[in-house]
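A.B. asks: This structure is in structure tokens; I'll ask about it shortly.
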Amino acid sequence: MPALAIVIADAARARLFTWKRESADAPAPILHERADLISLERRTPHDQLWTDARPRGNPGPGGHGDPVDDHRDAHLAEVDRRFAAEVLAKLRVLADLTACRRVALVASPRFLGHLRDHAEVLTRHGLIVQEVARDLTRESGPALRRHLGALGVLPELGPDPGVARSLGP
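For our numbering, add 66 to where a residue sits in the sequence shown, where the first one is 1.
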């Protein structure tokens, strides 16, 4: 399998990996984490981003007002779009530095949409893009490797070489 650059992301965090042989005499490719990017605005609690709770309109006869659109959702969507653009720019640089011609975007479904909006930065440079809608940002090491194999991003792992297999009774 040729070298591959991978981003595992959601709106708050993006992890960049490569899957490639580290040297010509290496026995197999290695999944290597190259960067861990954080969207600080997405990691900040809402009560620290906004001073007031969501505003309400004039109270009706029941004493409760209808919610007023204060554009918080639009602001968060813009934060996500900017973070997606930053992530893909760094992924393209990583792919160039490591001679990866293929990239995989593995992200939560909503954030994958933001990544798609900016994927031209990858395809314009001749990179082949694979997309998977799955949030794996909290997975580590072997579990992440297994998930990527099961999703078809990486080759599936074979049986554990340290475990003997029985061929029959």
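Idealized CB from N, CA, C, for every residue including glycine.
All values derive from a computational prediction rather than experimental measurement.
(1) From A101, A165, F149, pick the residue whose C-alpha is nearest to that of A185; which is it?
(2) Once the 5 residues before and after T203 are set aside, which same chain residues still bring their CB inside 7 Å of it?
(3) Provide the residue span of the alpha helix (DSSP H) that contains V219, from first to last.
(4) Name the two residues that bound the continuous alpha helix (DSSP H) containing D183.
(5) Identify which residue in V195, E107, D102 has its Cα closest to the Cα of A143.
(6) Taking the beta strand (DSSP E) that E99 falls in, what are its first and last residues?
(7) So for E197, helix, strand or coil by DSSP?
(8) Drop a sphere of 10 angstroms on the beta-carbon of I96, count the other beta-carbons inside from all chains shown, and report buried for 16 or more, exposed for fewer.
(9) So, do the segment 208 to 215 and the segment 176 to 193 have three or more beta carbon pairs nearer to each other than 8 Å?
(10) When burial is assigned at 16 or more other CB atoms within 10 Å of the CB, is H98 buried or exposed?
(11) Does the beta-carbon of V153 have 16 or more other beta-carbons within 10 angstroms, so that it is buried, or is it exposed?
(12) Measure from the C-beta of D76 to each C-beta in chain B and report whether the shortest distance is under 8 Å.
(13) Quick check on DSSP: helix, strand or coil for T203?
(14) According to DSSP, is A77 helix, strand or coil?
C.D. replies: Walking through what the data contain:
(1) If you compare the alpha carbons of A101, A165, F149 with that of A185, the shortest gap goes to F149.
(2) I74, A75, D76, R79, R81
(3) Neither: V219 is in no alpha helix (DSSP H) and is coded neither H nor E.
(4) 175 to 183
(5) E107
(6) 96 to 104
(7) In the three-state reduction of the DSSP assignment, E197 falls in the strand class, which pools E and B.
(8) The residue is exposed, with fewer than 16 neighbouring Cβ atoms inside 10 Å.
(9) no
(10) Exposed, by the Cβ-count rule.
(11) So V153 ends up on the buried side.
(12) In summary, chain B is missing from the structure at hand, where a single protein chain is found.
(13) coil
(14) coil
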